[in-house]
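Peer 1:
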Amino acid sequence: MNLHSRYPLLFSPLDLGFTQIKNRALMGSMHTGLEEAENGFERMAAYFAERARGGVGMIITGGIPPNEEGGFGAKLSNTDEAERHRTITAAVHAADPDVKICMQILHMGSLAPNPACVAPSAVKSRIGAFKPSELDEEGIEKQLLDFENCAALAQQAGYDGVEIIGSAGYLLSTFLVAKTNLRTDQWGGSFENRMRFVVEVVRRVR
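According to this note's numbering, the sequence shown is numbered sequentially starting from 2.
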């Protein structure tokens, strides 16, 4: 039995209303290690272009932080960095104009291997290298603006969309979880308050 008979919709287009994906095959986000390597963007361009030629409908990149405190290595926070990312999107679209490539926005929060890491509360992760600084109101607004800026720059760089990672102990999930969000203001306490940051990130990005 071939794939066509077992999965009859796999190779058919998927209409999302605002765009169409040429098939149902999606390459999920994986950090390749090239993001921080020498000539990494050129190497990622070749890597993702090969996947586009292989027939995938959508590619999601490895996680890219929206600011310095959100991770390490490659990030997307200014127009110079956007031009580097354009190397990737141009290669993918040249390999197959119908393939969509989306950039994952990854803010690692308390898991960032960075002494400047931040979180809703100063709760150190068991697997984190540093105890994060607790965000004040000004700091929260900065993070929201940085997510918004990162999404706008991703569009400028030629990405077809973005994925916001909210799992795995990274910044968004630490707002959601009561154990890592000890705040008593509008950003903590009830679930409605704990989810406020995540909802606002999505709103700003849209």
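From the three backbone atoms N, C-alpha and C, an ideal C-beta is built for every residue, glycine too.
These numbers were taken from a predicted model, which means no experiment stands behind them.
1. Compare the beta carbon distance of residue 88 and residue 46 with 8 Å and say whether it is the shorter of the two.
2. In whole angstroms, what is the alpha-carbon distance linking residue 40 and residue 81?
3. If you drop the 5 nearest sequence neighbours on each side, which residues of the same chain put their C-beta closer than 6 Å to that of residue 131?
4. Give me the Cα-Cα distance between residue 142 and residue 178, rounded to the nearest whole angstrom.
5. Below 8 Å on the Cβ atoms is my contact criterion, and I expect residue 112 with residue 126 to pass it. Report the Cβ-Cβ distance as a whole number of Å.
6. Please classify residue 59: does DSSP put it in a helix, a strand, or coil?
7. Would you decide whether residue 187 is buried or exposed? Buried here means 16 or more other CB atoms lie within 10 Å of its CB.
8. With contact counted as at least three CB pairs below 8 Å, one residue from each stretch, are the stretch 57–64 and the stretch 23–32 in contact?
9. Using the C-alpha atoms, what's the distance from residue 138 back to residue 54?
10. Can you name, in chain order, every residue of its own chain whose Cβ lies under 8 Å from the Cβ of residue 180, other than the five neighbours on each side?
11. Which residue spans inside the stretch 11–72 form an unbroken beta strand (DSSP E) run of at least 3?
12. Taking the alpha carbon of residue 156 as the point to measure from, which residue in 12, 48 and 91 has its own alpha carbon closest?
Peer 2: On the basis of the coordinates in this document:
1. Result yes, Cβ atoms of residue 88 and residue 46 sit closer than 8 Å.
2. Straight-line Cα distance between these residues: approximately 15 Å.
3. Cβ neighbours of residue 131 beyond the five flanking positions: 116 and 118.
4. If you draw a straight line from the Cα of residue 142 to the Cα of residue 178, it comes to about 20 Å.
5. Rounded to the nearest angstrom, the Cβ distance from residue 112 to residue 126 is 6 Å, consistent with a contact under 8 Å.
6. Strand, per DSSP.
7. Taking all protein chains in view, the Cβ of residue 187 is surrounded by fewer than 16 other Cβ atoms within 10 Å, so the residue is classified as exposed.
8. They touch, by the three-pair rule.
9. Straight through space, the alpha carbons of residue 138 and residue 54 are spaced by roughly 46 Å.
10. Its chain contains 124 as the residues whose beta carbon lies nearer than 8 Å to that of residue 180, once the 5 sequence neighbours on both sides are disregarded; these appear in chain order.
11. You should have 59–65.
12. Among 12, 48 and 91, the Cα nearest to that of residue 156 belongs to 91.
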